[in-house]
Each structure stands twice: as C-alpha cells, then as structure tokens.
Amino acid sequence: MPDSIDFYQVNQGNLRPINSMFDYATAIKDFHEARRQARLEEMFGRFTGQSLDLLAFDEVRKMVRAGSQVERGLQEIPLDAIVGSVGRYRDFTRTFLPKLDSDKDRWARVKLAHARLGLPPIEVYQVGEVYFVKDGNHRVSIARQEGSPTIEAYVTEIETAVPFTPNTNPDDLIIKAEYADFLHRTQLDHLRPAANLTLTSPGKYPLLLEHIEVHRYYMGLNEGREIGYETAVSHWYDTVFAPAIRLIRDHGLLAEFPERTSADLYVWLAENRAHLEAELGWSVSTQTAVTALAESLSSYKPGSLLSRALQTVTGSGPTRATQWWYEQSLKAPDTPFFATILVPLAADDSGWHAVDQAVLWAKAEGSQLIGLLAVTQETDKNGLIAQTMQAAFAQRSAAHGLAPIFKVETGDLSPLTRRLARWADLIVLPIPGSDSSDGWERVRHAPGAMLLAPANTVQPTNHIVLVYDDSPYARQALLLAVYLHTRWQRPLTIATSHDHQPALATALASFQLTQPEIVIWSQITAVAILETAQPTSDPLIVLGGYTPTAVFNPRREMVEEVIRETAVPLLLCR
Numbered sequence: 050m051p052d053s054i055d056f057y058q059v060n061q062g063n064l065r066p067i068n069s070m071f072d073y074a075t076a077i078k079d080f081h082e083a084r085r086q087a088r089l090e091e092m093f094g095r096f097t098g099q100s101l102d103l104l105a106f107d108e109v110r111k112m113v114r115a116g117s118q119v120e121r122g123l124q125e126i127p128l129d130a131i132v133g134s135v136g137r138y139r140d141f142t143r144t145f146l147p148k149l150d151s152d153k154d155r156w157a158r159v160k161l162a163h164a165r166l167g168l169p170p171i172e173v174y175q176v177g178e179v180y181f182v183k184d185g186n187h188r189v190s191i192a193r194q195e196g197s198p199t200i201e202a203y204v205t206e207i208e209t210a211v212p213f214t215p216n217t218n219p220d221d222l223i224i225k226a227e228y229a230d231f232l233h234r235t236q237l238d239h240l241r242p243a244a245n246l247t248l249t250s251p252g253k254y255p256l257l258l259e260h261i262e263v264h265r266y267y268m269g270l271n272e273g274r275e276i277g278y279e280t281a282v283s284h285w286y287d288t289v290f291a292p293a294i295r296l297i298r299d300h301g302l303l304a305e306f307p308e309r310t311s312a313d314l315y316v317w318l319a320e321n322r323a324h325l326e327a328e329l330g331w332s333v334s335t336q337t338a339v340t341a342l343a344e345s346l347s348s349y350k351p352g353s354l355l356s357r358a359l360q361t362v363t364g365s366g367p368t369r370a371t372q373w374w375y376e377q378s379l380k381a382p383d384t385p386f387f388a389t390i391l392v393p394l395a396a397d398d399s400g401w402h403a404v405d406q407a408v409l410w411a412k413a414e415g416s417q418l419i420g421l422l423a424v425t426q427e428t429d430k431n432g433l434i435a436q437t438m439q440a441a442f443a444q445r446s447a448a449h450g451l452a453p454i455f456k457v458e459t460g461d462l463s464p465l466t467r468r469l470a471r472w473a474d475l476i477v478l479p480i481p482g483s484d485s486s487d488g489w490e491r492v493r494h495a496p497g498a499m500l501l502a503p504a505n506t507v508q509p510t511n512h513i514v515l516v517y518d519d520s521p522y523a524r525q526a527l528l529l530a531v532y533l534h535t536r537w538q539r540p541l542t543i544a545t546s547h548d549h550q551p552a553l554a555t556a557l558a559s560f561q562l563t564q565p566e567i568v569i570w571s572q573i574t575a576v577a578i579l580e581t582a583q584p585t586s587d588p589l590i591v592l593g594g595y596t597p598t599a600v601f602n603p604r605r606e607m608v609e610e611v612i613r614e615t616a617v618p619l620l621l622c623r
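Be aware that the sequence shown starts at 50, since it is given in our numbering, and climbs by one per residue.
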C-alpha cells in the first residue's frame, strides 16, 4: 500500500476518515522530534566524518555485481538490517529519521495510520543479509521511531557473490569498490606499488581524481605540452601527496586521529584548506595548513597544558610544529620559506616604508604579497581611502613585477593582524614610535616571524647579523639566519657571549657552513647587538623574540630596546 494513501478508521463495520485534530497534532509533534534527532545525527556525522546517509540501491547493485532476482514472499525482517532505499535514499538518515521539513504532512498521516490500523507490509530488495526499501520508506521511519524490532515485508532477493551482512559496515563495501575503481583508473598500485591511499569515508576518491586532473592541467601549462595521464599521476603522488603525508606523519597527527588513515587526513586538509583559502582570499601552503593544525591540536591536549603554562610563565619558546618546519626549510633551500608575506596598513598613511621593505623581500623570495587595510564600517571598504591605498599598494608592487592581493576588512587593525598572521609566513610591520600603543600591541602579540622596518629608510639585505644566546627563540632565529645565509648567499655574522659560545658551536655543527664571523661579548645587550651590526653593509638583524604574556620575562626589555634603537631592519623570530 503506498504511503500517500488516505487512511480510514473502522467504526461498527464502516470506514470513516480519521479527522482527530488532537491525534494529528501529536503526530506533527513526533515529526518535529524526529527532525531534531535527524539534525543531531547529521551534525555528528559532519564532526566524525562518518556517512549517515542511506545507501542507494542502484549503486550498491552495480558494486556487488548483482545477479538474478528471486521473489521470497512475505517475511518478518529486522528493521536494523534495512540500510538503503531505491529512490528515497536522500530523504532519510541511515536510521530512517526524516531529513526534509516538507515531509511533515505525509509522515504524520503514516504515523496516524500506524496508531489506528497498523502498517501494511513494505516492499524490499534483499542483497546478502541487508535490505533496501522499494516501497514504504515512511512506514520504516515510523516503525523505527516507535521502537519496533521488525516489520513485515514482501522480499525480492538479489543474488550476489559479495558477502553483505548486517554486521558489515556498508560504507566499507562502498569504500572498497571506490578504491578499486580509483586504482583501476590511476594504476597507482602499479606505478607506485608502495602507495597506500586507503580512505575510511565513502565518496572521497573523486576528490583525489580531481586533484590529479588539476595537477595534470598545470603541469601541461608549465611544460607547454600535453601531459600523459600516468605521468601526471606519478608526478602528483611524488610531489603533492607523498610530501603532504610526510608532513602529517612527522607532526604526529595520526596519533590524534587513531581511527583515520594518512590519506583521510590529506583529504580533510585539502577540503578545509580550500574553505580557508576562499575565506582568506589567498593561497595557504600545505606546510602552513599542517603546522597550524598541529599547533591547534597541541593546544587542546591535556598533556600539553603544563608545557603551555610554562611557556606563558617563562617564555620557553616556539612550538614543536613551528620549529619542525623551520628545520625542514633548510633541507630544501630552493623552496622559499616566506611564501606568503602579510603587510598590515593603517589608514593614517604611516606604513608605506614597511610596504616597500616587504616588496623587496617578496621579490627576493618569490612570495605572494598581501596588504591588509582595516576600516571602520562596511561601506568604507569601497570608499575613497581604501581605493587610494589599494592603488598605491598595487603601484609599488607592480614596479617590482609583483601581482599583490589587497584585503580590506572591518574592525581594529591589531586583532585583524593577529587573526590573519597565523596564515602567513612573514608579517611586515613598521617599527612603532614610543607613543604608538597600537603599533607596539601588534609587535608584541602578532604570531610568527616578523620583519620590522625602520622609519624613513628602505634597504636591501646584504649582511645577516644573528644574535644567539641559546634561548629557544634564539635557536629559531639561528635556523632562519642560516636559511637566509644559504638561500640569499649573504655573509653571516653572529653575536654571542662567552657563556653561550659552546652551545653555539654545537648548534652550528649540524649545518654545513663556511665558518661565519663570530663576535663574542661578555654579555648580550642591546648596545652589543647594535655595535655588532654597525660596521656591516646593509645588515639585517635576526633576533629571537619573547613571550609577551610571560610573568618572568628578562628578554623583553632588551629586545624592545633593540627595536626602538635600530636604524636597520630587524627579523624577530617567535
């Protein structure tokens, strides 16, 4: 009997339509409760990555290589064994909760019929030991909502050699079929026999195929020729997928998701990175996305609370994830570390020397240059000031062959800078004046590596001057100084103290460097740092920073004195 039929109540041998408004209102209330449960299920599914949708009969039939069908007649079947539908698999969750608000009246009418007359048998296809609804989806929904363990059904069995039981996760069957199709199309099991791209959620392999096609397209553009599919597959695996998996494993992310595979995390990162790039308006590297994920996860680990507290109290240094990526950058100096450079701009026209300094770095590194302007109101985004500053920013960049991005956001510049800086590799700020509280707030609280540009001067970097005192931030500064020394081919001078000279020698031993000039002081002070830089030509001071919220913070006064007194650019590492 179709679900849409009008139902009648038996009264002394006669049929009369059900018209009790009270019963109907109760059925509507039950529908809204079922919809609430469906929304909770869907939310849980998005959070866990598990598919809570019904299986589509036609798709499963193809995957299991279905054979002939046999009518098995009327049977009592377990409701838990019904896993899919022929035509309405998008209308209900895996537990047959309604997903459509527009289904309210129909669902309520079937609910009334169940209360007054009972439900007629449904019609199902049987595949292995599971069932797919041919007719009677609403009746299944009502029966499950009522807690019934079974339902009557006319069964048509579809013969198949593939084992399919109620204890089998239906998603596993889909995933295996999708993976087999993926390998058949890509031949990765032959091209890269050690490759393992096993996923635990269905419907994700098309995303990997799309990645390969996009990679093939850009390979063709770069090489000016048609790229064979197998060549593109191999190149994508070697240069995109495998490096991302190494990042994921080296950051220990698999331990955070023990039920997921490395390929799962690759897909998850790719999807979330796409959403993030759409929101930001600029590209985010895989390295940045993985590092940010690792750092965000570490902040929620119970075991890391003590270390985070110690960082706050003592200023103990950068996170493991940040330190790891700096070390990796030295292993591949041809890959720029500062791939994305962010320059926050105040509307008072005071930061253009920082823009010009950023332009020089973006040109040297091949970076994506991003300007950030904060305005008060939404209407100011297209106002005269925003248009004028965007034009000036574009003109300065174009003079050096750069195509920048200019982002206009409403709000205060300091919190905007803190929010967006984590997705950039370098932030460039003007050195603030003594009376610029906003400027000092940005310097103290913006995360990541920071290039500070002195006023009224823009200069190239022809000499690296590193300050080393064996603090965690100084060790980070050492990594960046060696990176710039290696990639930019600039001479390196290191200022240290007698106490820290042995630690410096140990740290330098891990790098294959020509012996740099080392200037030894009795104590590292602001005066010692500036005097070390003074005789060099166009120096860049590379200095470890400090934790601004630390209670015990002996470095802060010294570092901020250098910032106030320097007449040359300063790279602050944290």
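Ideal Cβ placement from N, Cα and C applies to all residues, glycine included.
- Counting only runs that start and end inside the stretch 220–262, the alpha helix (DSSP H) elements of at least 4 residues fall at 237–240.
- Going by beta carbons, residue 575 and residue 503 fall outside the 8 Å limit.
- In this structure, DSSP gives residue 308 a state outside helix and strand, which the three-state scheme calls coil.
- Counted as a single uninterrupted DSSP element, the stretch harbouring residue 445 is not any beta strand (DSSP E) but the alpha helix (DSSP H) occupying residues 433–447.
- In terms of CA proximity to residue 179, 129 leads the group 129, 582 and 243.
- Only residues of its own chain outside the window of five on either side were considered, and among them 246, 247, 248 and 254 have a CB closer than 8 Å to the CB of residue 228, listed in chain order.
- Unbroken beta strand (DSSP E) stretches of 3 residues or longer found wholly inside the stretch 546–609: 566–570 and 588–593, given in chain order.
- By the 16-neighbour rule on beta-carbons within 10 angstroms, residue 408 is buried.
- Judged by pairs of C-beta atoms under 8 Å, the stretch 602–611 does not touch the stretch 478–487, as fewer than three such pairs exist.
- Between residue 560 and residue 531 a beta carbon distance of about 5 Å is seen, short of the 8 Å cut, so the two are scored as contacting.
- In the same chain as residue 385, and ignoring 5 residues on each side of it, the C-beta atoms closer than 6 Å to its own belong to 414 and 415, in chain order.
- If you draw a 10 Å sphere on the C-beta of residue 152, you find 16 or more other C-beta atoms in it, and that means buried.
- With 16 or more other Cβ atoms inside 10 Å of its own Cβ, residue 186 counts as buried.
- The three-state reading of DSSP puts residue 135 in coil, since its state is none of H, G, I, E or B.
- Residues 247, 248 and 249 of the same chain have their beta carbon placed closer than 7 Å to that of residue 310, with the five preceding and five following residues left out of the count.
- Residue state for residue 106 is assigned as helix, using DSSP reduced to three classes.
- Under DSSP, residue 454 forms a beta bridge with 419.
- Non-local C-beta neighbours of residue 534 in its own chain, meaning closer than 6 Å and more than five positions away in sequence, comprise 513 and 541, ordered along the chain.
- The alpha-carbon separation between residue 441 and residue 323 amounts to approximately 30 Å.
- The DSSP-derived three-state label of residue 81 is helix.
- In this structure, residue 585 keeps its C-beta atom at 8 Å or more from the C-beta atom of residue 539.
- For the beta strand (DSSP E) assignment, the uninterrupted runs of no fewer than 3 residues enclosed by the stretch 502–531 are, from N- to C-terminal side, 512–516.
- Shown here for residue 451: same chain residues with a beta carbon closer than 6 Å to its own, the five before and five after excluded, namely 411 and 418 in chain order.
- By the neighbour-count criterion, in which 16 or more other beta carbons inside 10 Å mark a residue as buried, residue 221 falls on the exposed side.
- Residue 261 places its beta carbon less than 8 Å from that of residue 235.
- Only residues of its own chain outside the window of five on either side were considered, and among them 265, 268 and 269 have a CB closer than 6 Å to the CB of residue 276, listed in chain order.
- Here the C-alpha atom of residue 164 lies approximately 10 Å from the C-alpha atom of residue 195.
- Between the stretch 80–90 and the stretch 104–121 there are fewer than three C-beta pairs closer than 8 Å, too few to call the two in contact.
- Within a 10 Å sphere around the beta-carbon of residue 495 sit 16 or more other beta-carbons, which makes this residue buried.
- Residue 180: not part of any alpha helix (DSSP H); member of the beta strand (DSSP E) spanning 179–184, first to last residue.
- Looking at the DSSP output, residue 123 sits in a beta bridge with 203.
- Annotated three-state conformation of residue 276 is coil, per DSSP.
- For residue 330, the closest of 397, 290, 289 and 472 by C-alpha to C-alpha distance is 472.
- Residue pairing of residue 173 in beta bridges, as defined by DSSP: 182 and 204.
- Shown here, residue 141 sits in a strand according to DSSP, grouped into three states.
- Contact between the stretch 118–133 and the stretch 157–176 is present: three or more C-beta pairs spanning the two stretches fall below 8 Å.
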